[in-house]
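Novice:
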Amino acid sequence: MAILDVRSLKKEFGGNIVLSNVTFSVNKNEKVAIIGNNGSGKTTLLKLLTGELSKDEGSITFASQTSVGYLSQHLIEDVNNTLIEEMLIIFKEVISLESKLKQIVELIKHNPEDNNLLNEYGRLETRFLNLNGYDYHYIIDTILNRFGFTKEDYNRPIMSFSGGERSKIAFSKLLLNRPDVLLLDEPTNHLDVDTIEWLEEYLSTYEGVVVIVSHDRYFIDAVCNRVFELVNGEINIYNGNYSYYLQEKVVRYEQQLQAYNLQKKEIEHLENLIVRFKPKPSKVKFARSLETKLERIKKNVVNKPVQSKKVKFKLQSKNLHRVQQLTIDNLTVGYDNQGLVHNINFEVFNGDKIGIIGKNGIGKTTLLKTIYGELPIVSGTIHKHRQLKVGYISQNLITIDSNKTIFDYFHDHFPLLDNTTIRTHLGSFLFRNDDVFKIVNTLSGGEKVRLAFAILVRQKYDILLLDEPTNHLDMETKKILESALKDFDNTIIFISHDRYFIDELADRICHIDDDYNCQFYECDYQEYLNIIKEKGNEQLDYIATTKSKIKKDKINLNNNKQIVNLEKKISDLEIKIDEKEKELYLEEIYTNIDKLKEVEEEIDTLKQELSILEEKYFLLFETD
58 MAILDVRSLK KEFGGNIVLS NVTFSVNKNE KVAIIGNNGS GKTTLLKLLT GELSKDEGSI
118 TFASQTSVGY LSQHLIEDVN NTLIEEMLII FKEVISLESK LKQIVELIKH NPEDNNLLNE
178 YGRLETRFLN LNGYDYHYII DTILNRFGFT KEDYNRPIMS FSGGERSKIA FSKLLLNRPD
238 VLLLDEPTNH LDVDTIEWLE EYLSTYEGVV VIVSHDRYFI DAVCNRVFEL VNGEINIYNG
298 NYSYYLQEKV VRYEQQLQAY NLQKKEIEHL ENLIVRFKPK PSKVKFARSL ETKLERIKKN
358 VVNKPVQSKK VKFKLQSKNL HRVQQLTIDN LTVGYDNQGL VHNINFEVFN GDKIGIIGKN
418 GIGKTTLLKT IYGELPIVSG TIHKHRQLKV GYISQNLITI DSNKTIFDYF HDHFPLLDNT
478 TIRTHLGSFL FRNDDVFKIV NTLSGGEKVR LAFAILVRQK YDILLLDEPT NHLDMETKKI
538 LESALKDFDN TIIFISHDRY FIDELADRIC HIDDDYNCQF YECDYQEYLN IIKEKGNEQL
598 DYIATTKSKI KKDKINLNNN KQIVNLEKKI SDLEIKIDEK EKELYLEEIY TNIDKLKEVE
658 EEIDTLKQEL SILEEKYFLL FETD
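Going by this note's numbering, the residue at position 260 of the sequence shown is 317; the numbering climbs one at a time, nothing skipped.
Below, the structure is given as structure tokens:
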């Protein structure tokens, strides 16, 4: 059954058709990615689905009683609320049920045989359980933690958070709401890799429909089982993930091109026959039948498949031999002489492609700016080759501020180039015809990135420092950028949260860990992931080996003495656990969220200790 049904949708802006005859349906639990080049109408389509925009023609129908959620700052009800107060709004019904259940428990204590009370308690508890009432604090903690909020943030008013943090708060509320249909526009923007990977797992198992606009290819591949591509205002549907889409698109292009060529050949053949036979009286009837056939074909003409215009460029290199360019020794970077990232040690050789990864706010941009020389070194050294020419593109390109035209802005960087050369070069970055006279301040984020690279590629840099270079780029332009950077003979040190981009480009990985230390890996991204996975397995193996060693050590002990000691410890622990469990029923505990959680954590710790002691106890009997 279709949860969402869209028929013959059309939308125009100022006479320009953005969407035309868009038709599709989405069934229960399907995960859909809407993709396309910048300006193809992806966000417009999403806003039509949310109701933020009105359609010109067609219909949008959601199944009866379907709840629809989308990311918006309006999800925050009151900026004067604390973070936890804002989250608890989602669970109004649960909190109300919790209060009623506690009241009924008190009444039952005085009237334990009152069937009406017992039945009412059963009815309310069933609803409470269906709403995950016993888990709602844990659910809130999990979501907020994944978005980088700590317990210290819980009592901060919303107004004290930055704009980016408020977006994460709104996103947290949206996920806690669990609507039947989730509509998400670029959900991975400004999230670190760890959070994105968690979000992938969360959405791929989400019990509901998810519709996503995204340029994150890894993310789409992991989450979505259908891909809707918008091309020239029309929609092409692929019933598979992003990997399937890439393969199927090539197949469809080749099939359409073959069908177009065959039809073109048939049309030419029919036209030649008509010209040949129409003048002959005896063949007039035959010629007319051919004309009828030709008209029928032209009514169902197969259009020649058109590939979208692409950015075309090649980075210029000096083609130096592989030489050492940078030596970074015991470096600490930070601001105002305060260290942020420590223990940075690595060498850079010509041709290296180094990806810097780590959580948001961990110091990646600080490291890049320090290497570039924009920030002073806190301690340690960076030894640079004296002939190095370094280029730097920051992630703040969207803030480029200029009232000049694209043409003049570019000309200021290269005053010796003639007009024809400038226009030809800008045209390769899709700034064609009158586009070169657009004012820089009016450009979109993607256009500003293209302009920056248009300037960058005219330079002959030894090292390129790139901070989130794929931000604001559509998938097609990302592919072109990846190809150009891979072919660049010189060094690139870059920051990115785009795992597909990292995977394509990086041959070495610099990971800034949660302790603000720099770990360097002499391998590509896939091998790095394997190493991290193996490290996790080694930790598990270490735990298992430690347990085995404990078991062997015990064989050499006086078992009888050990058994007596363990029995005493086990008995003491069981008493402690019993006392702690009784505290859970005290009003001052179960009415205080923090105290309740604290007691539950203490009980869990004691039970883990008990489990270890019992294991030791039984091992002693086995070796007796």
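Glycine is no exception: its CB is placed at the ideal position from the N, C-alpha and C atoms.
The structure presented is a predicted model; accordingly, all values stated were derived computationally and were not measured.
Suppose you measure from the CA of Ala511 to the CA of Leu425; what does that come to, to the nearest Å?
Specialist: For Ala511 and Leu425, the distance between alpha carbons rounds to 22 Å.
Novice: Closer than 8 Å: is that where the CB of Gln315 sits relative to any heavy atom of the ligand GTP?
Specialist: Because no ligand of any kind appears in the structure shown, any question about the ligand GTP cannot be addressed here.
Novice: Got a sec: is the Cβ-Cβ distance from Asn176 to anything in chain B below 9 Å?
Specialist: Considering every chain present, this structure includes no chain B. It has just one protein chain.
Novice: Are at least three pairs of beta-carbons, each pair with one atom in the segment 109–124 and one in the segment 239–259, less than 8 Å apart?
Specialist: As far as the Cβ criterion goes, the segment 109–124 does not touch the segment 239–259, which means the pair count is below three.
Novice: Verify whether the separation of the beta carbon atoms of Leu724 and Gly448 is less than 9 Å.
Specialist: Because residue 724 is not part of the residues shown, which for the chain are 58 to 681, the question remains open.
Novice: Which residue comes first and which comes last in the beta strand (DSSP E) that contains Phe577?
Specialist: First-last of the beta strand (DSSP E) with Phe577: 575–578.
Novice: Are the segment 526–545 and the segment 384–399 in contact at 8 Å, needing three or more beta carbon pairs?
Specialist: Contact fails: fewer than three Cβ-Cβ distances are below 8 Å.
Novice: Quick one: give me the first and last residue of the alpha helix (DSSP H) that Thr422 is part of.
Specialist: Unbroken alpha helix (DSSP H) run through Thr422: 421–429.
Novice: Closest to Val506 by C-alpha separation, out of Gln313, Ile450, Ile354, would be which residue?
Specialist: The shortest Cα separation from Val506 among Gln313, Ile450, Ile354 belongs to Ile450.
Novice: When burial is assigned at 16 or more other CB atoms within 10 Å of the CB, is Gly420 buried or exposed?
Specialist: Buried, because 16 or more other Cβ atoms sit within 10 Å of the Cβ of Gly420.
Novice: Who are the Cβ neighbours of Glu561 in its own chain at under 8 Å, not counting the five residues just before and after it?
Specialist: So the list reads Glu539, Lys543, once near-sequence residues are dropped.
Novice: Beta-carbon within less than 6 Å of Asp610's beta-carbon, same chain only, minus the 5 sequence neighbours each way: which residues are those?
Specialist: Residue placement at Asp610 is flagged as unreliable, the pLDDT there being 45, under the threshold of 50; a coordinate-derived value is accordingly withheld.
Novice: Out of curiosity, what's the CA-to-CA distance linking Thr22 and Ile253?
Specialist: Residue numbering for the chain in the displayed model covers 58 to 681; residue 22 lies beyond these limits and cannot be assessed.
Novice: Just verifying my parser: in three-state terms, what is the DSSP assignment at Asn70?
Specialist: Note on identity: in this sequence residue 70 is Phe, with Asn being the wrong assignment. The answer is strand: DSSP assigns Phe70 an E or B state.
Novice: If you reduce the DSSP assignment to three classes, tell me which class Ala279 lands in.
Specialist: Helix.
Novice: Between the alpha carbons of Ile607 and Tyr302, how many angstroms are there, rounded?
Specialist: Only weak support is given to the placement of Ile607: the predicted model assigns it a pLDDT of 41, under 50, and the question is left unresolved by the model.
Novice: Flag this pair as touching only if the segment 338–350 and the segment 399–419 have three or more C-beta atom pairs under 8 Å; answer yes or no.
Specialist: Taking 8 Å as the limit for Cβ pairs, the verdict is that the segment 399–419 does not touch the segment 338–350.
Novice: Just list the alpha helix (DSSP H) runs in the segment 238–286, keeping only unbroken ones of 4 residues or longer that don't cross its boundaries, in chain order.
Specialist: Runs found: 250–261, 274–280.
Novice: Where do the ends of the alpha helix (DSSP H) carrying Lys159 lie?
Specialist: Residues 149–167.
Novice: Given a threshold of 16 other Cβ atoms within 10 Å of its Cβ, counted over all protein chains shown, does Thr662 qualify as buried or as exposed?
Specialist: Answer is exposed; the Cβ neighbour count stays below 16.
Novice: Between Ile60 and Asp237, how many whole angstroms is the CB-CB distance? I'm expecting something under 8 Å.
Specialist: Confirmed, Cβ separation roughly 7 Å.
Novice: For a test of the three-state rule: what should DSSP assign to Leu61, helix, strand or coil?
Specialist: The answer is strand: DSSP assigns Leu61 an E or B state.
Novice: Is the separation between the beta-carbon of Ile147 and that of Leu233 shorter than 9 Å?
Specialist: Yes, Cβ-Cβ distance for Ile147 and Leu233 is below 9 Å.
Novice: Assess contact between the segment 278–296 and the segment 81–96, defined as three or more Cβ pairs (one per stretch) separated by less than 8 Å. Is contact present?
Specialist: Yes, the segment 278–296 is in contact with the segment 81–96.
Novice: To which residues does DSSP link Asp469 through a beta bridge?
Specialist: Answer by DSSP bridge pairing: none, since Asp469 is not bridged.
Novice: How do the segment 122–133 and the segment 186–204 stand: do at least 3 beta-carbon pairs fall below 8 Å, yes or no?
Specialist: No: the two stretches stay apart, fewer than three of their Cβ pairs being nearer than 8 Å.
Novice: Tyr565 and Phe577: beta carbons closer than 9 Å?
Specialist: The sequence as given places Arg at residue 565; Tyr does not occur at that position. Contact flag set, yes.
Novice: Does Val270 pass the burial test, meaning 16 or more other C-beta atoms within 10 Å, or should it be called exposed?
Specialist: Classification of Val270: buried, given that the 10 Å Cβ count is 16 or more.
Novice: Could you check the C-alpha separation between Tyr582 and Thr438 for me, to the nearest Å?
Specialist: Tyr582 and Thr438: Cα-Cα distance of roughly 27 Å.
Novice: Taking the CB atoms as reference points, tell me whether Leu314 and Val268 lie closer together than 9 Å.
Specialist: It is not a contact, given that the beta carbons lie outside the stated cut-off.
Novice: According to the Cβ coordinates, are Leu530 and Gly503 closer than 9 Å?
Specialist: A contact, by the Cβ cut-off of 9 Å.
Novice: According to the neighbour-count rule (16 or more other Cβ atoms, all chains shown, within 10 Å of its Cβ), is Gln364 buried or exposed?
Specialist: So Gln364 ends up on the exposed side.
Novice: Beta carbon of Ile463, beta carbon of Leu508: below 9 Å?
Specialist: Yes, the pair counts as a contact, with Cβ atoms nearer than the cut-off.
Novice: Apart from the five residues just before and just after Asn293, which ones in its own chain have a Cβ nearer than 6 Å to its Cβ?
Specialist: If we look at Asn293 and ignore the five residues flanking it on each side, its Cβ neighbours are Glu286.
Novice: My output table needs one value for Ile200: the three-state DSSP class, helix, strand or coil.
Specialist: Three-state DSSP puts Ile200 in a helix.
Novice: Quick check on the burial criterion: 16 or more other C-beta atoms within 10 angstroms. Buried or exposed for Met532?
Specialist: By the 10 Å Cβ count, Met532 comes out buried.
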